[in-house]
Every structure is written in structure tokens, then in C-alpha cells.
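The block underneath contains the structure these notes are about, expressed in C-alpha cells.
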Amino acid sequence: MITVTPTQRKLIQLTSFYFLPLSLVIFAVTLATDSIFVKFGELAVYLVAANLFLKPVSVLVRHPLVQPLLAQAMTFRREIGVASFWLYLAHSMGMFLGRGLSIDFVLNPKGFLIWGAIAGSGMWILGLTSNNFSQRILKRNWKKVQMLAYVVLPLATFHAAKAEGEYAKFILINGAFVALKVAQWWVTKKRSMSNPQLAPQPVKQ
Ligand code: HEM
Numbered sequence: 026m027i028t029v030t031p032t033q034r035k036l037i038q039l040t041s042f043y044f045l046p047l048s049l050v051i052f053a054v055t056l057a058t059d060s061i062f063v064k065f066g067e068l069a070v071y072l073v074a075a076n077l078f079l080k081p082v083s084v085l086v087r088h089p090l091v092q093p094l095l096a097q098a099m100t101f102r103r104e105i106g107v108a109s110f111w112l113y114l115a116h117s118m119g120m121f122l123g124r125g126l127s128i129d130f131v132l133n134p135k136g137f138l139i140w141g142a143i144a145g146s147g148m149w150i151l152g153l154t155s156n157n158f159s160q161r162i163l164k165r166n167w168k169k170v171q172m173l174a175y176v177v178l179p180l181a182t183f184h185a186a187k188a189e190g191e192y193a194k195f196i197l198i199n200g201a202f203v204a205l206k207v208a209q210w211w212v213t214k215k216r217s218m219s220n221p222q223l224a225p226q227p228v229k230q
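Per the working numbering, numbering through the sequence shown is continuous, rising by one, with the last residue being 230.
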């Protein structure tokens, strides 16, 4: 059984919300190199993907050794999301300032940067609403806003693929995600048919 103590949880939250951005700023003004800022972009994409993959994988994988780990990881989705936002910010700022890019160049509809900029707008909305205050204000709409991550993943991976001129990773990540979501839907349906108590209950007004 995996347990995370309240102190460990607090530490993980502090790392994601404060220590990570602080370290990225210190890093950026001291020893950052162009290739590290590219790596931050990669890490940001992987965290966005990990966050989205967690739900279907936790529904599909029922192994008693893995399930508790996945259940714990699910409780850290906000922290993972916030960490991906900081990494995206460091990536885009590092690329923009470090390479002296112009707004016109970023917004060129034929280039690869425009896809990153659109994905980045989504990252901003996700980042700014990843707090208790937004959750209270948005109420049931909060979940809908968080579903923006479904759009950010293909856009960010397309931006990266176009930048690299190599589309295998784009197809693999998005293909795997669609396959997992279909499998999640199918397995949930089968389970609720064999055990009607597992079927989603109508929301009480
Ligand atoms: C306005 C926003 C953005 C700017 C200005 C920007 C800038 C760039 C640039 C210049 C490159 C080419 C790097 C190279 O020469 O290899 C790049 C690649 C990349 N970007 Fe962005 N980006 C933005 C948004 C994003 C977002 C939102 C993500 C992910 C969440 C992301 C992830 C990546 C990845 C994974 C690569 C490919 C890295 C590689 O070559 O392996 N970017 N970006």
C-alpha cells in the first residue's frame, strides 16, 4: 500500500507551485543554454501527456501492485499540470528571448511557432485556473475548462513535430491517447453492464 503523508504532499505541492518556477528563474539567469530551454519544452509536453494518460491507464490497469500507485498519482494531477505550465513558460521565454524571435515570426501561419503559441494560450488558461479559487468560482464548469488539455496535447505535439520535421512522436502520442480513451470508454461500459452499481449515477439537483 502506498501512502503519501500530509507533509510529503505539502512538499510536492511547494515544489510544483514555488520551488520549480524559482529554480527555473535562477537557472535562466545563470547557466541556461539554448538546448536546455528546448528540453524544458519536451518535459512540458511529457507532463501534459502524462496527466492525460493517467485517467485511462488507471481505469484499464487493475493490477493490485500498480493500481494504488496510479490512484496516488491521480491525486497529484494539479501539481503535474502546474509543473508543466512552468516548464512551458521557461521554454517559450527561453526560446523567444534567447533566439531573439519576433512576434511576426511566432505568428507566421506557415511556421511551427504559431502552433506552440496556440497551445501556449491553452497552457495559460489551464495554469491560471489550477487553483482552489478558480475551482470555487467556476464550479461545475471547472472540469470543462480543464478539458482544454485535450486540445493542448495535439497542438503542442504538432508544434514540436513541425519544429523537428519528424511526425512519428506526434502520431504515436496522439494515437496512443485516442486508443486509450476508446479502451477506457469500452471497459467502463462493460463493467457497468456487468455491475449496474458501477454505472455513472445521474447528478442530484
Ligand atoms: C509561444 C510559445 C512557444 C514558443 C515561442 C516556442 C518555441 C520553440 C522553438 C523555437 C522550438 C524549436 C527548438 C529547436 O530548434 O529544436 C520549439 C520546439 C519545441 N517546443 Fe516550443 N514553443 C512554444 C510553445 C510550446 C509549448 C506550449 C510546448 C509544450 C507544452 C512546446 C514544446 C516544444 C517541444 C517538445 C519542442 C521540440 C523540442 C525538440 O526539438 O525536441 N513549445 N519551440
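Backbone N, C-alpha and C define an ideal beta-carbon position, used for all residues, glycine too.
This structure is a prediction, so every number in the text was calculated from the model and none was measured.
What does a CB cutoff of less than 8 Å around residue i pick up in its chain, not counting 5 residues either side in sequence?
| i | result |
| --- | --- |
| Leu153 | Ser159 |
| Phe130 | Gly136, Leu138 |
| Trp140 | Leu180, Ala181, Phe183, His184, Lys187 |
| Val84 | Gln209, Val212, Thr213 |
| Leu95 | Leu79, Val82, Ser83, Val86 |
In the DSSP assignment, find the unbroken alpha helix (DSSP H) run with residue i in it and report its ends.
| i | result |
| --- | --- |
| Arg161 | 157-163 |
| Gln222 | No alpha helix (DSSP H) contains Gln222, which DSSP labels as neither H nor E. |
| Thr182 | 174-189 |
| Leu126 | Run containing Leu126: none; DSSP gives neither H nor E here. |
Beta-carbon within less than 7 Å of residue i's beta-carbon, same chain only, minus the 5 sequence neighbours each way: which residues are those?
| i | result |
| --- | --- |
| Ser127 | none |
| Phe62 | Ala115, His116, Gly119, Met120, Gly123 |
| Tyr192 | Ala186 |
| Ala144 | Val177, Leu180, Ala181, His184 |
| Leu237 | Because the chain in this structure spans residues 26 to 230, residue 237 falls outside the shown range and cannot be described. |
| Leu49 | Trp111, Ala115 |
| Val70 | Ala181, Thr182, Ala185 |
Whole-angstrom Cβ separation of residue i and residue j, contact assumed at under 8 Å?
| i | j | result |
| --- | --- | --- |
| Leu151 | Leu173 | 6 Å |
| Ile37 | Phe110 | About 16 Å; that fails the 8 Å criterion. |
| Pro93 | Ile27 | 5 Å |
| Ile105 | Leu72 | 5 Å |
Which term fits residue i, buried or exposed, when burial requires 16 or more other beta carbons within 10 angstroms of its beta carbon?
| i | result |
| --- | --- |
| Gln171 | buried |
| Ser41 | buried |
| Ala74 | buried |
Quick one: does the C-beta of residue i sit closer than 7 Å to a heavy atom of the ligand MG?
| i | result |
| --- | --- |
| Arg124 | The model depicted lacks the ligand MG and carries the ligand HEM instead. |
Suppose the cutoff is 6 Å on Cβ atoms and the five residues either side in sequence are ignored; what does the same chain contact list for residue i look like?
| i | result |
| --- | --- |
| Leu45 | Ala108, Trp111 |
Report task. Please list the segments of the alpha helix (DSSP H) lying wholly inside the region 44-72, counting only runs of 4 or more residues, in order along the chain. Result -> 45-54
**Report entry** Whole alpha helix (DSSP H) elements within the region 76-107, 4-residue minimum
**Finding:** Within the region 76-107, the complete alpha helix (DSSP H) segments at least 4 residues long are 92-99, listed from N- to C-terminus.
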